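Those letters in the sequence shown? Residues 2 to 76, by the working numbering. Just so it is clear, CB atoms sit at the ideal spot from N, CA and C, and this is done for glycine as well. Just so we're clear, the structure is a prediction, and the values are computed from it rather than from any experiment.
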Amino acid sequence: GTGSGDVGRRVLEAARPRGIGVLDAPVADALRAPEGRLAIFAGGDAADVARVRRVLEAMGDPDRIIHVGPHGAGA
2 GTGSGDVGRR VLEAARPRGI GVLDAPVADA LRAPEGRLAI FAGGDAADVA
52 RVRRVLEAMG DPDRIIHVGP HGAGA
């Protein structure tokens with residue numbers, strides 16, 4: 002869901018010490034969701050984006066899944 006930057010920072014701060022990766026990955030073009038062709042803008046560590054890319058591709062157009070920078074950049 003859509004959350005605030007403050008919530009995202011708190012989630013990241015709680016997750017990191019536990020070795021849990023966190024991404025913010027808002028979507029665009031919701032009308033294409035039934036076709037699995039969302040645009041997804043992922044913010045977070047590049048390694049975390051790569052690790053979950055197949056999950057993102059299940060929802061989004063592989064050509065429109067974009068790593069936009071560090072955590073918070075997607076939002």
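Taking the alpha-carbon positions, what's the residue i to residue j distance?
{"i": "Ala48", "j": "Gly70", "result": "12 Å"}
{"i": "Ala34", "j": "Arg19", "result": "32 Å"}
{"i": "Gly61", "j": "Gly37", "result": "5 Å"}
{"i": "Ala51", "j": "Ile66", "result": "11 Å"}
{"i": "Val53", "j": "Ala76", "result": "18 Å"}
{"i": "Arg17", "j": "His68", "result": "19 Å"}
{"i": "Glu58", "j": "Val28", "result": "12 Å"}
{"i": "Ala40", "j": "Gly9", "result": "20 Å"}
DSSP three-state label for residue i, please.
{"i": "Gly9", "result": "helix"}
{"i": "Arg76", "result": "One point to set straight first is that residue 76 is Ala, not Arg, in the sequence displayed. In the structure shown, Ala76 sits in coil (DSSP, three-state: anything other than H, G, I, E or B)."}
{"i": "Arg63", "result": "It is Pro, not Arg, that sits at residue 63 in the sequence shown. Three-state DSSP puts Pro63 in a strand."}
{"i": "Ala29", "result": "strand"}
Give the C-beta separation of residue i and residue j to the nearest angstrom, bearing in mind that I take them to be a contact with Cβ-Cβ under 8 Å.
{"i": "Gly45", "j": "Gly22", "result": "7 Å"}
{"i": "Asp25", "j": "Gly73", "result": "6 Å"}
Taking the beta strand (DSSP E) that residue i belongs to, which residues open and close that run?
{"i": "Leu39", "result": "39-44"}
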